[in-house]
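J.:
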Amino acid sequence: MSRITHFQAVAIILVCCTWPLKVTASSHNKNVAYKSAVSRKKAHISYKALSYAAQQRRHNRALLLVQEKVKRSRATPVIEGDAQDKAALRAQNRIYIEQHPEWFATPYRPHNLHLQDGTSLVDNQHLQSVTEKIIGRLQQQLGKPYVWGGESPQEGFDCSGLVFYAYNKLLAAKLPRTANEMFHFRRARNVADNDLQRGDLLFFHIHTRNKADHVGVYLGDGRFIESPRTGERIRISYLSDDFWQQHYLGSKRILTDNTVL
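Per our numbering, the very first residue in the sequence shown carries number 799; after that it's consecutive.
1) With DSSP run on the structure shown, which of helix, strand or coil describes E979?
2) In the region 926-1010, which residue ranges form an unbroken beta strand (DSSP E) of at least 3 residues, counting only runs that do not cross its ends?
3) R996 and I933 - do their beta-carbons sit closer together than 9 Å?
4) Classify I1032 as helix, strand or coil using the three-state DSSP reduction.
5) Could you tell me the distance, in whole angstroms, from the CA atom of N988 to the CA atom of A1010?
6) For T904, name the three-state secondary structure that DSSP assigns.
7) From this set, M980, T976, Q923 and I1032, which residue's C-alpha is nearest L936's C-alpha?
8) For R870, does the three-state DSSP call read helix, strand or coil?
9) Counting along the chain, where does the beta strand (DSSP E) carrying L1053 start and finish?
10) Taking the alpha carbon of T1057 as the point to measure from, which residue in F955, A889 and G1029 has its own alpha carbon closest?
11) When the Cα atoms are used, what is the spatial distance from G959 to L863?
12) In whole angstroms, give me the CA-to-CA distance for Y944 and P974.
13) Look up S1037 in the DSSP assignment and say whether it is helix, strand or coil.
14) Between the Cα of A970 and those of Q853, P951, A886 and L861, spot the shortest distance and give me the residue it belongs to.
15) How far does the beta strand (DSSP E) with R1027 in it extend, from its first residue to its last?
16) Have a look at Q1043 and L1037 and give me their C-alpha separation to the nearest angstrom.
Written out as structure tokens, the structure is:
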């Protein structure tokens, strides 16, 4: 028998030591591959098990998520105090206009542009513009049905829902939702009957004694627009009618230079 040299012995030892490692690694790789294949097969079976309608719903949800992410990425951020900032900017602009009449091509005389009540013509023109926008929004709803709790053109309106819809997009100080809350709104001021203006709110107590449960908007010439009651449609009524005089509670003014956007 031939003798094993020192180097041959070392080689045999290395082979014996590494062979189990190779076998173990190979087994591990096969196990991972098998589990991955099983997982893919289960997922495939799970997806195939869904009905066509369910697959479409899953697909649609994925599309909606993508669209929502894109929409959010493009949305303009809402800044706290934006309404107050706009009002402050308009006030500052009016000061600049009065201080620098030379900025305008046509002759400009600020001291001649103030009304008897002390408000400037610039203020009055903006307020009048906002008032007419609100009246326009109201008149577009004429003929639509009264719907209790309604506050949109699609579903219809109740009395306060109509006012809530027409006013709040143009107000810095937002109106509350119900007629009685509007009547007690701190930013609204009382108006004498002989001082009514377009856009003033008229309040009535129909089913209660001292609580406002109906509201309309004054249009001028003794007329007001209202969403009356179930079964009726949005219409123009006359404040001078006996029924309204008997249930009239008072009027409030919410449209002022300090409240509109």
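Just so you know, even glycine gets a beta-carbon here, dropped at the ideal spot from N, CA and C.
T.: Let's see:
1) The DSSP-derived three-state label of E979 is helix.
2) The qualifying runs are 999-1002.
3) yes
4) coil
5) 14 Å
6) Unreliable positioning characterises T904 in this predicted model, as indicated by a pLDDT of 45, which lies under 50. The coordinate reading is nonetheless provided below. Coil, per DSSP.
7) I1032
8) helix
9) Here L1053 belongs to no beta strand (DSSP E), and DSSP marks it neither H nor E.
10) A889
11) About 33 Å.
12) 19 Å
13) Here residue 1037 turns out to be Leu, not Ser, going by the sequence shown. L1037: coil per DSSP, three-state reduction.
14) A886
15) Run containing R1027: none; DSSP gives neither H nor E here.
16) 7 Å
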